[in-house]
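There are 2 protein chains.
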Amino acid sequence: MSEQKTAITPRRDQDFPEWYQQVVKAADMAEASDVRGCMVIKPWGYGLWENIQHQLDAQFKATGHKNAYFPLFIPISYLEKEAAHVEGFAKECAVVTHHRLEVGADGKMRPAPSAQLTEPLVVRPTSETIIGATYAKWVQSYRDLPILINQWANVVRWEMRPRVFLRTAEFLWQEGHTAHETREQALEETEKMLGVYATFARENLAVPVYCGEKSESERFPGAEKTLCIEAMVQDRKAIQAGTSHFLGQNFAKASGIKFQSREGREEYAWTTSWGVSTRLIGTLIMAHADDDGMILPPRVAPTQIVILPVTPKPDTREAVLEAARKLAAELRVQRFHGEPVTVEVDERDLGGGIKNWEWIKKGAPVRIEIGPRDLAQGTVAVTRRDRGPKEKEFLPAAEVAAGIATTLQSIQDTLYARALATRDANTKPIDTKEAFYAFFTPKNADKPEIHGGFANSHWCGNAACEETVKTDLKVTIRCIPFDAPEEEGACVICGKPSRKRVLWAKSY
Amino acid sequence: MSEQKTAITPRRDQDFPEWYQQVVKAADMAEASDVRGCMVIKPWGYGLWENIQHQLDAQFKATGHKNAYFPLFIPISYLEKEAAHVEGFAKECAVVTHHRLEVGADGKMRPAPSAQLTEPLVVRPTSETIIGATYAKWVQSYRDLPILINQWANVVRWEMRPRVFLRTAEFLWQEGHTAHETREQALEETEKMLGVYATFARENLAVPVYCGEKSESERFPGAEKTLCIEAMVQDRKAIQAGTSHFLGQNFAKASGIKFQSREGREEYAWTTSWGVSTRLIGTLIMAHADDDGMILPPRVAPTQIVILPVTPKPDTREAVLEAARKLAAELRVQRFHGEPVTVEVDERDLGGGIKNWEWIKKGAPVRIEIGPRDLAQGTVAVTRRDRGPKEKEFLPAAEVAAGIATTLQSIQDTLYARALATRDANTKPIDTKEAFYAFFTPKNADKPEIHGGFANSHWCGNAACEETVKTDLKVTIRCIPFDAPEEEGACVICGKPSRKRVLWAKSY
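Chains R and Z supply the protein sequences, listed in that same order. Under this note's numbering, residues 5 to 512 are what the first sequence spells out, in order. Under this note's numbering, residues 5 to 512 are what the second sequence spells out, in order.
Written out as structure tokens, the structure reads:
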């Protein structure tokens with residue numbers, strides 16, 4: 005009974021959390037830094053983030069938004085302005101108390117006591133308060149509305165149990181902040197941006213998502229409504245991949261965003277905020293990677309195609325390299341979703357097996373090997389990362405470029421279909437408390453991570469039932485799906501009448 | 005004697021520093037925030053920064069660099085590792101001492117005493133130390149070199165006298181950090197990246213720059229060589245617009261970046277760092293703006309062409325708007341330096357004069373007016389921002405799109421030629437101490453800003469002469485130009501022999 009060897013140890017089914025860390029490492033995407041909870045995003049991980057940024061940014065602009073930049077620091081008093089916000093949010097922050105270092109009596113550097121700030125500053129955990137204070141100056145009349153602005157930035161939330169990409173003290177994100185004349189316009193914006201995220205997750209990241217509204221207990225502190233996209237990853241847990249908040253007039257009142265209405269009355273603006281972060285990278289990894297490492301959806305891969313010249317003998321080396329470069333040039337003029345296809349020829353002087361496995365672990369969508377024998381036959385060996393490492397297809401070199409966009413789309417579609425199948429197979433309608441508890445209880449004490457998945461069950465709307473489930477099972481309502489049909493039912497916890505099923509799951 | 009009215013008050017010749025602030029405001033590019041020394045970069049200013057980023061980034065990638073991201077925070081002990089660096093640099097920082105807020109006895113938020121950090125963190129003022137610590141882990145063998153990485157990030161240097169874009173506590177920048185096997189390779193990198201900056205300044209920003217090396221006293225703390233590009237702005241002062249540092253083995257030794265060489269010896273790597281920042285925006289404004297506001301070089305303008313529909317009467321309004329949108333569509337398929345031409349149709353319901361002057365002040369390169377009369381005649385009125393606000397050219401609408409790339413390039417060239425003429429007219433060879441002092445002494449006590457410009461004068465190489473000039477005149481050596489010919493001369497201050505002229509100026 006031989007077990008097939010995998011590039012990643014442990015496998016997913018052995019230890020999912022450790023497998024995740026090993027994939028991040030093997031794919032060379034990021035690593036922990038010496039600064040507690042802060043990560044270093046390495047070029048392969050950052051290249052992925054750049055593609056996410058670039059593609060999402062185009063969607064933000066297409067929906068009328070512009071980018072701007074607001075201060076990193078927030079005066080501590082700003083956080084006190086919105087009561088729910090400070091209560092639920094702004095506690096675990098990096099607090100700046102001094103603006104100068106000096107050398108102390110022991111010869112070591114220390115914060116200079118003479119340079120203590122009158123009012124401490126926090127490093128932004130999110131920017132509603134500082135941006136609200138700015139909008140209050142910009143808005144006088146209904147003519148100044150809407151304000152449709154997005155910011156790409158770093159934010160800091162002190163984390164006690166950091167995990168690379170998923171939960172880090174510092175992370176990168178975008179935060180949209182808009183202000184509107186009416187409640188309806190702000191609601192429309194909130195929904196529109198959730199739609200942008202959902203489409204992006206499905207089409208660009210190949211990650212299927214449920215769209216819905218959070219229950220009150222899971223809402224963003226200070227929001228009237230929090231909409232979200234929720235993905236299922238391969239251990240059947242949920243990841244909240246993006247949120248869009250309807251803030252009502254709460255932050256406008258806290259910050260003083262007032263305007264003269266069309267009727268000449270002074271009114272408070274209606275605001276929204278919405279964001280996604282480098283957590284999307286963690287989601288991608290957990291959704292698509294396998295026991296050999298990362299598998300990148302072609303639309304966001306930093307390099308879509310890697311050409312591996314196989315050069316066993318010095319006398320054929322130049323001819324092989326030349327053929328590889330020629331093929332690269334032919335591929336680079338092809339387009340995939342409006343962008344030039346990205347190609348790297350790996351000419352490093354390393355063994356072919358080592359290079360091949362590096363790219364498998366990094367998850368490059370397509371690998372193309374060219375060796376002296378291929379040269380003679382006019383073929384190349386094409387391997388898709390969504391298939392086994394030995395499933396090579398030998399194609400005439402002349403045909404590869406013409407078919408590459410189709411191949412890339414096929415990989416993209418396969419990844420989506422696979423993630424969708426996993427999710428749908430593990431999303432179950434559950435109607436009794438007993439079945440519900442059984443669903444979320446690990447079958448095997450050795451693998452506490454493995455449980456049923458998403459339960460689609462009735463809920464009475466009472467926070468007490470949520471609390472019970474959270475305490476007993478560490479399970480929360482991920483969302484009240486938009487498309488859940490109205491139906492007669494009984495709350496899976498208390499049995500009281502319910503009109504809708506909601507999605508319950510363990511989550512990251 | 006009527007004085008022509010200008011859109012900006014005061015004019016440049018009346019009060020240059022105040023004129024600058026008013027241009028920033030009138031162009032709607034940025035504003036001060038409530039957080040001391042931190043700015044809000046508004047969409048028009050940020051759009052400019054996005055273009056700068058996008059275009060520079062393409063050059064970094066074309067020269068073999070990849071982007072990555074490193075932590076915002078640096079442990080205080082890291083700064084102590086490189087002696088010159090800490091001495092010259094790392095004092096005025098934002099210091100994080102706590103990681104949690106709590107509500108105090110007075111009901112106000114405060115840093116939680118129980119959450120004091122064991123070791124304070126500083127918000128990065130620059131990242132040599134934290135990136136060096138990371139590279140030390142990445143580099144074992146010569147095979148791991150070179151490392152060619154760039155980071156786009158925010159940095160913080162506490163500033164006592166902030167001035168928007170030029171000197172702010174928080175600013176945006178890029179910092180390249182590379183590590184090499186040999187001294188020669190690192191030196192080559194240092195020069196190559198300065199070349200990238202110089203070309204970008206000239207061709208994309210239309211700002212002529214002198215390229216050279218800093219004298220020892222003006223070097224980056226910890227560097228062996230600092231290369232720079234220096235621009236002259238309209239008050240004849242210098243702005244250091246970009247720097248590229250050859251760090252020798254100083255930071256490698258401080259951080260422990262060691263590798264096994266080809267000969268099997270353990271050696272320290274040779275490193276470089278190089279950066280430009282949002283200060284480039286301040287440089288652009290001071291170099292190109294006039295008494296009516298900003299003038300943007302077309303290559304970096306957020307919007308190159310603004311179409312202003314003139315709709316005096318409701319019955320022709322739709323026809324005019326339709327013609328405007330049609331022209332916009334024709335323009336958008338044109339390309340300028342490989343990118344689609346950017347066009348905005350300003351359909352806001354505001355007076356034509358108000359809208360026109362807004363775009364003049366913002367510095368949009370081309371404005372196109374279309375009204376009912378133009379419609380009848382098949383013409384449009386084209387105004388270039390590098391010419392007077394009333395110098396309209398009436399062109400057949402059908403011809404505008406075809407000629408737009410030529411027009412944009414002509415504006416770009418005019419701005420460069422104008423800046424070059426100003427600089428060359430105010431760069432003077434000066435050979436006596438008397439003339440040197442006279443050159444830098446304001447003629448008019450009311451206008452202390454106005455002085456000669458750049459003095460191209462001999463220097464003996466002695467720091468004492470630099471110090472004298474700095475104390476007496478607030479003038480420094482901006483650079484020892486690469487292209488300065490070797491010639492016999494006498495130091496303009498002490499009269500001792502000198503082999504080269506250097507550039508002296510007042511600077512921002």
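Every residue gets a Cβ at the ideal spot worked out from N, C-alpha and C, and that includes glycine.
- When secondary structure is reduced to three states using DSSP, L251(R) falls in the coil class, being assigned neither helix nor strand.
- For I56(Z), no chain R residue has a Cβ inside 9 Å of its Cβ, as the nearest lies near 13 Å away.
- For E322(Z), the closest alpha carbon among the candidates K29(Z), L379(Z), P433(Z) and Y146(Z) is that of L379(Z).
- Under the three-pair Cβ rule at 8 Å, the stretch 490 to 510 of chain Z counts as touching the stretch 228 to 246 of chain Z.
- Residue pairing by DSSP puts H181(R) in a beta bridge opposite I153(R) and S277(R).
- Judged by DSSP secondary structure, Q63(Z) falls within the alpha helix (DSSP H) whose first and last residues are P47 to A66.
- Per DSSP, H103(R) has no beta bridge partner at all.
- When DSSP states are grouped into helix, strand and coil, I299(R) belongs to the coil group.
- Closer than 8 Å to the CB of D38(Z) there is at least one CB belonging to chain R.
- Using a 10 angstroms sphere on the CB of A423(R), the tally of other CB atoms reaches 16 or more, which defines it as buried.
- In terms of CA proximity to E22(R), D295(R) leads the group P150(R), P225(R), P318(R) and D295(R).
- Shown in chain order are the members of the stretch 124 to 140 of chain Z whose Cβ falls below 8 Å from a Cβ of chain R: P124, L125, V126, V127, I134, A137 and T138.
- As the crow flies, the alpha-carbon of L176(Z) is around 20 Å from that of C42(R).
- With the criterion set as a beta carbon lying under 7 Å from some beta carbon of chain Z, the members of the stretch 60 to 84 of chain R are K70, N71, A72, Y73, F74, P75, L76, F77, P79, I80, L83 and E84, in sequence order.
- For C215(Z), the three-state secondary structure derived from DSSP is strand.
- For chain R, the residues of the stretch 16 to 49 of chain Z that bring a beta carbon within less than 7 Å of one of its beta carbons are S37, D38, V39, C42, V44, I45, K46 and P47, in chain order.
- In the pairwise beta carbon analysis, the stretch 334 to 345 of chain R is classified as not touching the stretch 374 to 389 of chain R: fewer than three pairs are separated by under 8 Å.
- At least one beta carbon of chain R lies nearer than 8 Å to the beta carbon of G51(Z).
- Rounded to whole angstroms, the separation of the alpha carbons of I45(R) and A88(R) is 33 Å.
- In this structure, V347(R) lies away from I374(R), with their beta-carbon atoms at least 8 Å apart.
- Among the residues facing chain Z, K262(R) is not included, as its CB has no counterpart in that chain under 8 Å away.
- Around the CB of T436(R), fewer than 16 other CB atoms lie within 10 Å, so the residue is classed as exposed.
- Chain-order list of chain Z residues neighbouring L176(R): Y73, by C-beta distance under 9 Å.
- The Cβ of P489(R) sits no closer than 8 Å to any Cβ of chain Z.
- Counting only residues of its own chain and dropping the five nearest sequence neighbours on each side, W53(Z) has a CB closer than 8 Å to the CB of I45, L176, T282 and I285.
- Under a criterion of Cβ atoms nearer than 7 Å, no residue of chain Z is adjacent to M298(R); the nearest Cβ is some 17 Å distant.
- E397(Z) carries a strand assignment under DSSP once its states are collapsed to helix, strand and coil.
- Inclusion of R377(R) and T411(R) in the CB contact set at 8 Å is not warranted, their separation being larger than that value.
- Here G246(R) carries a strand assignment [DSSP, helix/strand/coil].
- Looking at the backbone, the Cα of E362(R) and that of G268(Z) are separated by about 26 Å.
- At least one beta carbon of chain R lies nearer than 8 Å to the beta carbon of R104(Z).
- Between E470(R) and H181(Z), the alpha-carbon positions lie close to 50 Å from each other.
- Leaving aside the five residues that flank V90(R) on each side, the residues in its chain whose CB is nearer than 6 Å to its CB run, in chain order, L83 and E84.
- P446(R) has no beta-bridge partner at all, per DSSP.
- Judged by their CB atoms, G297(R) and A31(R) are nearer to each other than the 8 Å cut-off.
- By a beta-carbon distance limit of 8 Å, W274(R) contacts A256(R). Their separation comes to about 7 Å.
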